[in-house]
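Start counting the sequence shown at -7; every next residue gets the next number (this note's numbering). Contents: one structure, followed by commentary.
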Amino acid sequence: DITAVNDNPTLTGLPSEVTVTEDTESNIDLSAMAFGDVDGDNITVTLTASAGTFSVPADGSGVGSGVTTTKVSATVITLAGSVGDLNTYLDTNSNIKYTGDSNVNGNGAATISVEANDGNGSGDVSFGSTNIDITAVNDNPTL
């Protein structure tokens, strides 16, 4: 007898860094990422920022319409759907927006960790993290 075993979701193309602008809501470009699951399961992707805040993610209408999005907290969002819908959703970099902490800038000023779960008992699979490089903006002098 052969017993089926769940295969974990996979991820290729996790960027080493993304760049945003200080004190500005910025798009997070994760279009290079591609999830896979040989079992064909729907998966839930969790993105966790070490600092700063995510905006409420786009609802997945239109392109990537099969994706359900949730803002769990200021620093955690989830995306759930089929592998194909998730990959299409991530191809539109305006779907995920992030704002760094006030007046924080620099390379690696924060990180986004990426996990996925296919709901079949293997739990969350951690794929690592992406550095958030925050480009400084000159603040006007104050009196």
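By construction, the Cβ of each residue, glycine as well, lies at the ideal position given by its N, Cα and C atoms.
Shown here, S118 sits in a strand according to DSSP, grouped into three states. Taken through DSSP and simplified to helix, strand or coil, G100 comes out as strand.
Here A26 is bridged, per DSSP, to T4.
Using a C-beta cut-off of 8 Å, the stretch -6 to 14 makes no contact with the stretch 61 to 72, since fewer than three inter-stretch Cβ pairs fall below that distance. Straight-line spacing of the CA atoms in S47 and N(-2) works out to 33 Å. In terms of Cα proximity to P1, the closest of N112, N132 and T(-5) is N112.
Under the DSSP assignment, T40 falls in the beta strand (DSSP E) whose first and last residues are I35 to A41.
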